[in-house]
Amino acid sequence: MICVGPVDPFVRTGTARKLDGGRGRLAEAVEAVKDHGVGALHLAAACKKAEVCEYLVEDVRVDVDAVDINGRTPLVWAITCKGGHVDLDIVRGFCRLHVGNGEGALNDAQFSRTMRPDSAHPCWLQGYSYVQLQEYEKACDAFLDGLKLKPGFTGIEKALREALRLLKESHADKKNGLEVQYREAHVFL
651 MICVGPVDPF VRTGTARKLD GGRGRLAEAV EAVKDHGVGA LHLAAACKKA
701 EVCEYLVEDV RVDVDAVDIN GRTPLVWAIT CKGGHVDLDI VRGFCRLHVG
751 NGEGALNDAQ FSRTMRPDSA HPCWLQGYSY VQLQEYEKAC DAFLDGLKLK
801 PGFTGIEKAL REALRLLKES HADKKNGLEV QYREAHVFL
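Numbering (the working numbering), first residue to last: 651 to 839.
Shown next as structure tokens:
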């Protein structure tokens with residue numbers, strides 16, 4: 651996630667108003683730019699940029715109750731984000747795994763990987779989701795992605811060993827070269 655800096659003086663002087671082509675609908679123009687329902691106010695709140703939030707709410711008049719695709723407002727983003735990273739999806743995903751909702755957990759993992767591409771934790775959640783869905787090859791791939799981001803992550807190493815074991819058992823009758831395909835895993839284990 652990219653955290654924006656303080657409000658630049660050119661923004662306050664009206665240059666930002668050119669976004670809407672001079673029609674006087676700056677809030678609509680700003681709110682139209684979204685990724686997964688996440689708008690400028692969500693990102694500013696997540697990054698704890700009070701001045702940017704104030705500008706967007708007071709001057710631009712963006713909707714403070716706007717929700718992302720998961721129904722979270724900018725206030726929820728401000729509360730649940732640490733250093734610009736959303737942890738709520740990971741927590742909810744592991745809760746969903748615990749109650750047997752692998753599909754829901756996988757959705758949270760995929761969203762979290764989009765929002766936090768440099769973090770190993772979404773890969774961990776994604777791998778466990780695939781294990782629960784009995785898609786062991788995809789689980790191994792997700793765990794390997796996590797280990798590339800954070801080598802030595804013992805939780806992922808343990809999960810990868812288990813996923814490799816399950817993959818071998820599920821392909822016991824095929825023997826299609828899984829050892830060769832996942833030789834890369836041995837570098838991490």
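In this text, a Cβ means the ideal position worked out from N, Cα and C, and glycines have one as well.
Between the alpha carbons of I806 and K800 lies a gap of roughly 9 Å. Inclusion of V749 and D718 in the CB contact set at 7 Å is not warranted, their separation being larger than that value. The C-beta distance from L775 to F744 rounds to 6 Å, short enough to fall under 8 Å. Residue burial is scored here from C-beta neighbours: E753 has fewer than 16 other C-beta atoms within 10 angstroms and is therefore classed as exposed.
Look at V741 here: in three-state DSSP terms it is helix. Distances from the alpha-carbon of L783 to those of L756, H771, H821 and F761 put L756 closest.
Each of G777, M765 and Y786 was checked against the Cα of L747, and the nearest Cα belongs to G777.
Of all alpha-carbon atoms in T804, D795 and L691, the one lying nearest the alpha-carbon of P767 is that of D795. Taking a contact as a CB-CB distance under 8 Å, the pair Y786 and L817 counts as one, their CB atoms being some 4 Å apart.
Using a 10 angstroms sphere on the CB of V741, the tally of other CB atoms stays under 16, which defines it as exposed. Take the alpha-carbon of L797 and the one of F761: they are about 19 Å apart. Shown here, C703 sits in a helix according to DSSP, grouped into three states. Secondary structure note for T804: its alpha helix (DSSP H) is the uninterrupted segment T804 to S820.
Looking at the DSSP output, C773 shares a beta bridge with no other residue.
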